[in-house]
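S.K.: Everything in the sequence shown is counted per this note's numbering, starting at 7 for the first residue and increasing by one.
Dropping the structure in here first, questions after.
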Amino acid sequence: MSDTKDYKKELMDAAHNERISLALSRAITSYRNNVDNALKKFPHTIKLAEEVREIKSRALDDMENLAKIACEAIESNKGKAYIARTGEEAVKIVSDLVGKNKLIVKGKSMTAHEIELQEHLEAMGNEVYETDLGEFIVQKLHSKPMHVLSPAIHVPKEDVAKLLSELTGKELPPTDIEKMVATARELLRDKFIKADVGISGANVVAAETGTLFLIENEGNIRLATTLPPIHIAVVGMDKLVPTLMDAFKVSEVAWRYANYTVPSYVSLTSGPSKTGDIEKTITYGAHGPKEFHVIFLDNRRTELAKHPILRQAMLCLGCGGCLYECPVFAKTAGTFGNKRFTGNGAVWSAISRDIERSAAIAYTCLTCGRCKVRCPMQIDSASMCIELRKLVAEGKEDILT
Ligand code: SF4
Ligand code: SF4
7 MSDTKDYKKE LMDAAHNERI SLALSRAITS YRNNVDNALK KFPHTIKLAE EVREIKSRAL
67 DDMENLAKIA CEAIESNKGK AYIARTGEEA VKIVSDLVGK NKLIVKGKSM TAHEIELQEH
127 LEAMGNEVYE TDLGEFIVQK LHSKPMHVLS PAIHVPKEDV AKLLSELTGK ELPPTDIEKM
187 VATARELLRD KFIKADVGIS GANVVAAETG TLFLIENEGN IRLATTLPPI HIAVVGMDKL
247 VPTLMDAFKV SEVAWRYANY TVPSYVSLTS GPSKTGDIEK TITYGAHGPK EFHVIFLDNR
307 RTELAKHPIL RQAMLCLGCG GCLYECPVFA KTAGTFGNKR FTGNGAVWSA ISRDIERSAA
367 IAYTCLTCGR CKVRCPMQID SASMCIELRK LVAEGKEDIL T
């Protein structure tokens with residue numbers, strides 16, 4: 007079956023899956039209420055979003071320079087920084103650092119998905135655990151994430167109970183969600199403690215200090231990036247902004263539109279753990295990781311930044327707001343897209359030279375523009391999909407050349 011036929015079948019299956027429609031219709035109502043409340047409580051966020059769009063847009067024009075500044079800052083903090091031009095390069099750097107037969111705990115990362123990092127590390131004989139609960143469920147069910155913030159939105163509690171019962175050998179009732187969460191906590195706690203390496207992405211990076219901002223609610227990212235002796239972060243260059251203050255602004259807008267007045271945790275990491283408490287001798291690897299590695303991934307982002315319409319895809323904060331407004335997503339969830347969802351997925355498929363998938367996604371989009379209305383960055387998926395259709399119709403094999 008061709009990729010387009012597979013895609014069409016996935017879309018149709020999802021559209022006929024009542025669990026998806028039901029789960030999303032509930033999520034849409036609660037998302038809209040929560041964001042409206044969060045914006046009422048913190049009305050400055052709307053103006054701040056305009057400022058963040060400017061900050062991010064200028065940063066895209068200066069990505070190369072910001073990556074160099076961030077690398078210098080991280081090295082001066084005694085971390086190691088790398089710029090990977092391709093996904094393959096990034097995978098090689100991580101593979102060389104990790105080696106074989108290691109236990110790895112991972113926080114949710116779109117960039118890691120982009121380069122299929124988990125699959126590569128597993129193929130080398132490593133054991134990789136997704137630690138975000140939704141990602142963990144999806145990983146263990148061999149399913150795919152259906153939502154940027156709620157990857158397991160399509161999995162009912164009965165299936166989660168069955169999965170956890172199988173994994174632990176203890177029968178879990180399908181009604182007791184609290185017990186399911188506690189079971190997953192117990193199961194993963196052991197992995198956090200024994201892990202050789204923790205892998206994360208970052209929501210935004212302040213170039214001037216080399217500081218990664220990691221926003222979350224579960225606490226798994228905090229554990230994955232502090233308990234193992236090595237922390238490796240793989241971050242798209244589009245996540246760079248010049249200053250710490252810029253990064254705080256980006257973070258606040260991202261979490262507010264992700265429907266939180268404030269998230270439970272925002273971790274700022276700029277280097278390896280250290281102490282000078284014994285005779286003022288700086289020693290690395292106190293309670294946190296001894297090694298801190300950051301790989302900035304280009305993977306054609308610097309080329310994409312030059313495209314006047316498609317570059318918008320890199321302004322995305324990953325808040326997920328657009329997904330709750332998109333009429334196609336409401337019926338098909340994460341099948342509308344590729345590794346990234348809705349119209350943005352079409353752009354990311356195109357830059358990875360998967361023109362067939364990109365065209366299929368671009369033609370799935372209704373170009374209704376509802377996503378733009380909700381998007382704090384005013385990303386116009388409709389215009390990106392129309393542009394992609396045009397490039398495909400012109401017979402372009404590679405949209406950026
Ligand atoms: S323009 Fe496309 S991606 Fe945006 S809401 Fe409409 S169908 Fe969804
Ligand atoms: S496109 Fe906009 S609304 Fe959608 S996830 Fe990105 S920033 Fe949020």
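Just so it is clear, CB atoms sit at the ideal spot from N, CA and C, and this is done for glycine as well.
Only a predicted model underlies this, so the values are computations on that prediction, with no experimental measurement involved.
For threonine 370, which three-state DSSP category applies?
M.R.: Indexing the sequence shown from 1 puts residue 370 at position 364. In the three-state scheme derived from DSSP, where H, G and I count as helix and E and B as strand, threonine 370 is classed as helix.
S.K.: Arginine 376 and proline 333 look like a contact to me (Cβ under 8 angstroms); what is the Cβ gap, rounded to whole Å?
M.R.: The residue given as residue 376 occupies position 370 in the sequence shown. The residue given as residue 333 occupies position 327 in the sequence shown. Yes, they are in contact, since the Cβ atoms of arginine 376 and proline 333 sit about 7 angstroms apart, within 8 angstroms.
S.K.: In chain order, what residues of the same chain lie with their CB nearer than 7 angstroms to the CB of leucine 155, ignoring the 5 residues before and after it?
M.R.: Along the sequence shown, read from residue 1 onward, the residue named residue 155 stands at position 149. Closer than 7 angstroms at Cβ, skipping near neighbours: Ala264 and Gly326.
S.K.: For arginine 64, count neighbouring C-beta atoms within 10 Å of its own C-beta (all shown protein chains included) and say buried if the count is 16 or more, exposed if not.
M.R.: On the sequence shown, position 58 is the one that residue 64 refers to. With fewer than 16 other Cβ atoms within 10 Å, it is exposed.
S.K.: Determine whether the beta carbon atoms of aspartate 321 and glutamate 393 lie at a separation below 8 angstroms.
M.R.: To locate residue 321, count along the sequence shown from 1; it is residue 315. To locate residue 393, count along the sequence shown from 1; it is residue 387. Note on identity: in this sequence residue 321 is leucine, with aspartate being the wrong assignment. Contact annotation: leucine 321 and glutamate 393 have beta-carbon atoms that are not nearer than 8 angstroms.
S.K.: Ligand 2 heavy atoms versus the CB of glycine 326: any closer than 7 angstroms?
M.R.: The sequence position of residue 326 within the sequence shown is 320, counting from 1. At least one heavy atom of ligand 2 is nearer than 7 angstroms to the Cβ of glycine 326, so yes.
S.K.: Hey, out of Lys74, Ala76, Leu123 and Glu81, whose CA is closest to valine 97's CA?
M.R.: What you label residue 97 is simply residue 91 of the sequence shown in a count that begins at 1. The residue with the shortest Cα to Cα distance from valine 97 is Leu123.
S.K.: In terms of residues, what are the limits of the alpha helix (DSSP H) holding glycine 93?
M.R.: The residue labelled residue 93 in the question sits at position 87 within the sequence shown. Where glycine 93 is concerned, the enclosing alpha helix (DSSP H) stretches over 93 to 104.
S.K.: Between the beta-carbon of isoleucine 99 and the beta-carbon of glycine 216, is there less than 8 angstroms?
M.R.: One-based indexing of the sequence shown puts residue 99 at position 93. One-based indexing of the sequence shown puts residue 216 at position 210. No, these two residues do not count as a Cβ contact at 8 angstroms.
S.K.: Compute the beta-carbon to beta-carbon distance between isoleucine 75 and glutamate 297, rounded to the nearest angstrom, for a pair I have assumed lies under 8 angstroms.
M.R.: By one-based count along the sequence shown, residue 75 stands at place 69. By one-based count along the sequence shown, residue 297 stands at place 291. 22 angstroms between Cβ atoms; not a contact.
S.K.: Got a sec, what are the start and stop residues for the alpha helix (DSSP H) leucine 394 sits in?
M.R.: If you number the sequence shown from 1, residue 394 lands on position 388. Element bounds for leucine 394: 387 to 399.
S.K.: Taking the alpha helix (DSSP H) that isoleucine 61 falls in, what are its first and last residues?
M.R.: Working through the sequence shown from its first residue, we reach residue 61 at position 55. Unbroken alpha helix (DSSP H) run through isoleucine 61: 50 to 67.
S.K.: Taking the alpha-carbon positions, what's the arginine 59 to asparagine 107 distance?
M.R.: Position 53 of the sequence shown holds residue 59. Position 101 of the sequence shown holds residue 107. Rounded to whole angstroms, arginine 59 to asparagine 107 spans 43 angstroms at the Cα level.
S.K.: Let me know the secondary structure DSSP gives serine 364 once reduced to three states.
M.R.: The count along the sequence shown starts at 1 and reaches residue 364 at position 358. Correct three-state label for serine 364: helix.
S.K.: Look up glutamate 222 in the DSSP assignment and say whether it is helix, strand or coil.
M.R.: As a first step, residue 222 must be located in the sequence shown, where it is residue number 216. Looking at glutamate 222 - three-state DSSP - the assignment turns out to be strand.
S.K.: Any heavy atom of ligand 1 within a distance shorter than 7 angstroms of the CB on proline 382?
M.R.: To locate residue 382, count along the sequence shown from 1; it is residue 376. No, Cβ of proline 382 sits at least 7 angstroms from all heavy atoms of ligand 1.
S.K.: Work out the CA separation of lysine 345 and lysine 185 for me, nearest whole Å.
M.R.: Residue numbering aside, residue 185 sits at position 179 when the sequence shown is read from its first letter. Residue numbering aside, residue 345 sits at position 339 when the sequence shown is read from its first letter. Between lysine 185 and lysine 345, the C-alpha separation is close to 31 angstroms.
S.K.: Would you list, in sequence order, the uninterrupted alpha helix (DSSP H) runs of no fewer than 4 residues that lie entirely inside the stretch 153 to 199?
M.R.: 163 to 174
S.K.: Does the structure place the stretch 192 to 207 close enough to the stretch 112 to 121 that three or more beta carbon pairs sit under 8 angstroms?
M.R.: Contact between the stretch 112 to 121 and the stretch 192 to 207 is present, because at least three Cβ pairs lie under 8 angstroms.
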